[in-house]
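Take a look at the structure below.
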Amino acid sequence: MRDGYYDKVFHVLESRIQAAFAAFVKARYGSEVAVATEQPKQSSFGELALPIAFQLARQLKKAPKAIAAEIVEGIGAVEGVAAMEIAGNGYINVRLDRGVYGRLLLGGVAQAAAAKPGKIIVEHTNINPNKAAHIGHLRNSVLGDTFVRALRACGNTVEVQNYIDNTGVQVADVVVGFHFLEKKSVTEVRGLIGGARFDYVCWELYARISSYYKDHPEAIEWRKRTLHEIEEGHGEIAEMGHVVADAIVECHLKTMRRLGITYDVLPRESEILHLKFWATAFEQLKERKAIYLEAEGKNKGCWVMPGAHFGGSEEAEDSKVIVRSNGTVTYVGKDIAYQLWKFGLLGKDFYYRVLKTYEDGHRIWVSTTAPGDGSPAFGHGAEVFNVIDSRQSYLQDVVVAGLQQLGYREQADKSIHFSYEMVALSPRTCVELGIELSEEDKQRPYVEVSGRKGLGVKADDLIDKLIENAQREVDSRNPERPEAERRKVAEAIATGALRYVLLKFTRNTVIAFDFQEALSFTGESGPYVQYAAVRAGKILRKVEERGEALPDFERALPDEAMARQLAGEDFWQLLLSASKAGSAIERSVASGEPSHIARYAFQLAQDFSNFYAKYPVVDEQDEEKRALLLWMTQYFRRQLEYTLGVLGIAVPEYM
RNA sequence: GCGCCCGUAGCUCAGUUGGAUAGAGCGUCUGGCUACGAACCAGAAGGUCGGAAGUUCGAAUCUUUCCGGGCGCACCA
């Protein structure tokens, strides 16, 4: 299905019913209420429940049940509705006309989704380019990528940015490791890149230099010097900084590509500095008096933003340093400049060059300091989502406060911290990884990871392990298939499993990552959902293998036949459920909660698995019923594949 | 100390703007493969939604308070 188009039959009927009720209530009671609809508690109650009588009860001072009765009696026929009933204390339950509904689905009422005007910018991933990506980074990227897919599915124009902090402390630390600890030259470091897993080498080195600082506090001088030279941009150390960061970015892109994640543009901090983005933002902030030069106290000599601007108090200790007393700008300061640029408010732009082009023609652009080949227009977003973990909400508040203080109220409101809780490790998994735990930690539900200490699950290790696991199963179930093909299937399963475990939790749930759980492909998992789609595909293929063509469903299932076949609950519930994919995605976008799509996909897969076990499709003797079964199978398969696509999960041919 | 988040079945989690008898997965127990391949299906057991008070026709959901846990509150990012 094309982006922005999907079945909206349910949606259309729902709107029609709401409009009919609103019109009747206005005519009868002269009151204008927003007609809410709910899903009935039990499917046997019908397809829609309207609590409107409760809403009116207060105004009319009448029993809800009596009002409901008046409405049901007076409203008359609504197209597509078979019956209305009063239930409970005053619910109005609506039963749809199943025949009409089925025929509408069969005819394919695809309507354009309600896209928001303007471009939406989503920034995600944003990993310090100094070490391998780990499981926590994956949650960020998978959440961001899925949200992007959902936004696009709803017809929105989306730009994906991945900010690269290539001049920060973390990169500097690895350079310190190479230069001062290991006494390596730029050429030697370059030599390492060609070798295996440069990001793993840096992962170890970063942990090593971090602990070295602890034992040798004087080594902090190395960091200061390195940081300074990287910011200046000249000399061997600065060059090494670029070499390391560029190589690690390449590693990250490769890792994310394995999960189907990509970007449109990589704005880099080095360009923010060299193109004087900060200087411009600084002038604006000073001019609008959003920040001031602190004359006394612990922040003396710093440019600070008063705490009152971002939820703190007027006390000086609550204010946030934007420019240090030595004149250098903090990360938040640069982030304010970056955020201004995202909205097109800075009055400056980057130059760009193509960093790489994938086989499908997709290009990733990266910021650069010199004018180059014609690039698309980046930035100028109408709305911005920053996918950043919840521990940084304080800093995000400061950034938003910056926009507000500059008078950009509207943009401040559209500057959204798409936050999520961290990924920690289950104690059991820590033990497996050889991480020593205190007795106290063993009792906790989870243990926080630490990049500085080199503790954590590296993304590529995890993906490798998942593929290995899937491969064993695929090989034993499909020994006759070619090896290269089996490998692809194993990769799809591994990706599906990983993306699903990261998506099934709501954003503000801390994930206690557990190897055993992630490697389990049963129950509420990606492979379970994939399996349902694979089985549907197999049924359809089986028919083909027998040399039959699928029936012409339009002809085989006219109105009466459709109504007859959908009279039973099993078929009707599956069809209804499958037709709500678009609603699930829209709801997910509206609430900013990708897990809703994952849960919907699982629910749908469950419905189909039940259907699959209960009704043999291929051998059905009744012609009309067989046509319905085949059509439902095809429809289910299409809807599930579409939904999984939004989750970034592919459906293999077999499993 | 201040701010944000979380306490729902043995475990891990869902629960739409307050709505009908609080739901899944895992685990446990019982059944189901001559295959549209069981990475599956059916069934059972399992809950004073952390405690208390309040708001109202109605609260897991909103308010207050207490208890228990997590994360922030750098001239790091």
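Numbering follows this note's numbering, in which position 32 of the first sequence is assigned residue number 13; successive positions increment by one, without gaps. Beta carbons: idealized from backbone N, C-alpha and C, even for Gly. As the structure is a computational prediction, the values presented were derived from the model and not from experiment.
Check	Outcome
Per-residue burial, Thr148 [other beta carbons within 10 Å of its own, 16 or more giving buried]	buried
Top-ranked residue by Cα proximity to Ala30, from Ser12, Gly355, Gln(-1), Ala47	Gln(-1)
Contiguous alpha helix (DSSP H) assignments of at least 4 residues, all confined to the stretch 420 to 452	420 to 424
Met636 (DSSP reduced to helix, strand or coil)	coil
Distance CB(Lys561)-CB(Phe(-9)) smaller than 8 Å	yes
Whether Arg488 touches Glu574 by CB criterion (8 Å)	yes
7 Å CB neighbourhood of Gly388 in its chain, flanking five on each side removed	Arg269
Best match in Asp442, Ile578, Ala188, Ile174 for proximity to Leu162 [C-alpha to C-alpha]	Ala188
Assigned secondary structure, Phe486 (DSSP; H/G/I helix, E/B strand, else coil)	coil
Three-pair Cβ contact test at 8 Å for the stretch 369 to 383 versus the stretch 339 to 353	no
Candidates Gly27, Gln452, Tyr401, of which the one nearest Arg468 by Cα	Gln452
Residue burial classification, Asp78 (beta-carbon count within 10 angstroms, cutoff 16)	buried
Per-residue burial, His290 [other beta carbons within 10 Å of its own, 16 or more giving buried]	buried
Exposed unless 16 or more other CB atoms sit within 10 angstroms - verdict on Thr476	buried
Contact under 8 Å by Cβ, Gly435 with Trp259	no
Beta-carbon spacing of Ala3, Ile56 below 8 Å	no
Beta-carbon proximity of Val230 to Pro110, cut-off 8 Å	yes
Nearest-angstrom Cα separation, counted from Arg76 out to Arg536	26 Å
Sub-8 Å separation of Thr614 and Val598 beta-carbons	yes
Contact the stretch 510 to 518 vs the stretch 607 to 621: 3+ CB pairs below 8 Å	yes
Burial state of Asp354 (16 or more Cβ within 10 Å)	exposed
Span separating the alpha-carbon of Gly125 from that of Lys439	19 Å
Bridge-paired residues (DSSP) for Arg334	Val347
Beta-carbon proximity of His577 to Ala559, cut-off 8 Å	no
DSSP-derived helix/strand/coil call for Asp245	coil
Exposure label - Asn307; buried when at least 16 CB within 10 Å	exposed
Spatially closest choice to Leu240 from Ser122, Glu340, Val139, Gly278, by CA coordinates	Ser122
Close beta carbons around Leu247, own chain, < 6 Å, minus the five adjacent residues each side	Asn143, Ile145, Val347
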